[in-house]
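The opening residue of the sequence shown carries number 57 in my numbering; numbering runs sequentially from there.
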Amino acid sequence: MIKRTVVFLLLVAVAGFASAQMTPQQWVEGKNYFAIANPQPTNQPDKVVVTEVFSFACPACNQFEPFLDKLRAELPKGAVLEFLPAGFIPTEDWPVFQRAYFTARALGVDTPASHDAMFKAVWGPNGALATYDPTTQRPKAMANMPTIQDIAKFYAKYGAKPAEFVATANSFSVNMDIKRADKQIIAWGVNSTPTIVIDGKWRLDPSSAQGAQNLVDLTLYLVNKELATKKAQ
Numbered sequence: 057m058i059k060r061t062v063v064f065l066l067l068v069a070v071a072g073f074a075s076a077q078m079t080p081q082q083w084v085e086g087k088n089y090f091a092i093a094n095p096q097p098t099n100q101p102d103k104v105v106v107t108e109v110f111s112f113a114c115p116a117c118n119q120f121e122p123f124l125d126k127l128r129a130e131l132p133k134g135a136v137l138e139f140l141p142a143g144f145i146p147t148e149d150w151p152v153f154q155r156a157y158f159t160a161r162a163l164g165v166d167t168p169a170s171h172d173a174m175f176k177a178v179w180g181p182n183g184a185l186a187t188y189d190p191t192t193q194r195p196k197a198m199a200n201m202p203t204i205q206d207i208a209k210f211y212a213k214y215g216a217k218p219a220e221f222v223a224t225a226n227s228f229s230v231n232m233d234i235k236r237a238d239k240q241i242i243a244w245g246v247n248s249t250p251t252i253v254i255d256g257k258w259r260l261d262p263s264s265a266q267g268a269q270n271l272v273d274l275t276l277y278l279v280n281k282e283l284a285t286k287k288a289q
């Protein structure tokens, strides 16, 4: 399980940007990015799939979100961006947001606009889905955390019917999505968020890349390498 100290360090890496921007000549496999053992084919073999392992309830993911939007805009043709929600920290409501993500995806209401808005609903001033108490800056008591019913009301603004959202959230298919996600996260060796996985082969994060902008740049570098490999095959 991800440790709170890791979340703090990632917040420093993402928000502080203390390190200088790196170049491809400086990136080192095994230090800045890591090969994933026994990579499996993705569900889009003709594309390079970039996956962010994240949680809406993760403070470091919220800090990285503007850079994620930048990465989305700069991905070259032939690359696609996907998301895999983690449920690492039950005491901070991560499993509920993990379930909500898969529900929104199943109902077709997970869009770039709703994705960004969800982060604002959790982390913005007086956010309707806040998981932290603004006075203590600590997680709320579990009894006061957002529920799937609360999140259903959020997605109603994007076309979901709250009753259908709640029913889908408790469906067999969403439960299976969660099990597959948990298994995939372990197989990739992901133990913190945000983490980027490229085509199921490479894993990197703000800490290993030494900053949020470096993470964007290194991701694009590896994506282009993978695209070149696919073209050569």
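From the three backbone atoms N, C-alpha and C, an ideal C-beta is built for every residue, glycine too.
Minimum length 3: unbroken beta strand (DSSP E) runs contained in the segment 100 to 131: You should have 104 to 110.
Distance CB(A6)-CB(L185) smaller than 8 angstroms: Lying outside 57 to 289, the shown extent of the chain, residue 6 is not represented and no answer is given.
Proximal residues to Y8 (C-beta, below 8 angstroms), its chain only, five neighbours per side dropped: Residue numbering for the chain in the displayed model covers 57 to 289; residue 8 lies beyond these limits and cannot be assessed.
Contacts around A221, its chain only, beta-carbon distance under 7 angstroms, and the 5 residues preceding and following it disregarded: One-based indexing of the sequence shown puts residue 221 at position 165. First, the amino acid is wrong: residue 221 is Phe here, not Ala. These residues qualify, in order along the chain: T159, L163, A208, Y211.
C-beta contact flag for F153 and A113 at 8 angstroms: Numbered from 1 along the sequence shown, position 97 holds the residue referred to as residue 153. Numbered from 1 along the sequence shown, position 57 holds the residue referred to as residue 113. For the 8 angstroms CB-CB criterion, F153 and A113 form a contact.
Beta-carbon proximity check, A216 vs V165, cutoff 8 angstroms: Start at 1 with the first residue of the sequence shown, and residue 216 comes out as number 160. Start at 1 with the first residue of the sequence shown, and residue 165 comes out as number 109. Closer than 8 angstroms, so yes.
I204: first and last residue of the uninterrupted alpha helix (DSSP H) it sits in: Counting from 1 along the sequence shown, the entry for residue 204 is found at position 148. Element bounds for I204: 204 to 212.
Collapsed DSSP secondary structure at V84 in the structure displayed: Locating residue 84 in the sequence shown gives position 28, counting from the first residue. DSSP places V84 in coil when its eight states are reduced to three.
Exposure of T107, with buried meaning 16 or more beta-carbon neighbours within 10 Å: Start at 1 with the first residue of the sequence shown, and residue 107 comes out as number 51. The residue in question, T107, is buried, as its Cβ has 16 or more Cβ neighbours within 10 Å.
Rounded C-alpha distance that separates W179 from T249: What you label residue 179 is simply residue 123 of the sequence shown in a count that begins at 1. What you label residue 249 is simply residue 193 of the sequence shown in a count that begins at 1. For W179 and T249, the gap between their C-alpha atoms comes out near 16 angstroms.
Straight-line gap, W244 to R128 (C-alpha atoms, nearest Å): Locating residue 244 in the sequence shown gives position 188, where the first residue counts as 1. Locating residue 128 in the sequence shown gives position 72, where the first residue counts as 1. Taking the straight line from one Cα to the other gives about 22 angstroms.
Sequence-distant residues of its chain with Cβ nearer than 6 angstroms to F90 (five each side left out): Counted from its first residue, the sequence shown places residue 90 at position 34. Excluding residues up to 5 positions away in sequence, R259 lie with their Cβ nearer than 6 angstroms to the Cβ of F90 in the same chain.
6 angstroms Cβ shell around V253 - same chain, five flanking residues per side excluded: Indexing the sequence shown from 1 puts residue 253 at position 197. The residues are T107, W244, R259.
Rounded separation between A288 and T147 - CA only: Numbered from 1 along the sequence shown, position 232 holds the residue referred to as residue 288. Numbered from 1 along the sequence shown, position 91 holds the residue referred to as residue 147. Cα to Cα, A288 sits roughly 47 angstroms from T147.
Paired residues, beta bridge with I254 - DSSP: Here residue 254 is taken as the residue at index 198 of the sequence shown, counted from 1. Under the DSSP definition of a beta bridge, I254 partners with V106, W258.
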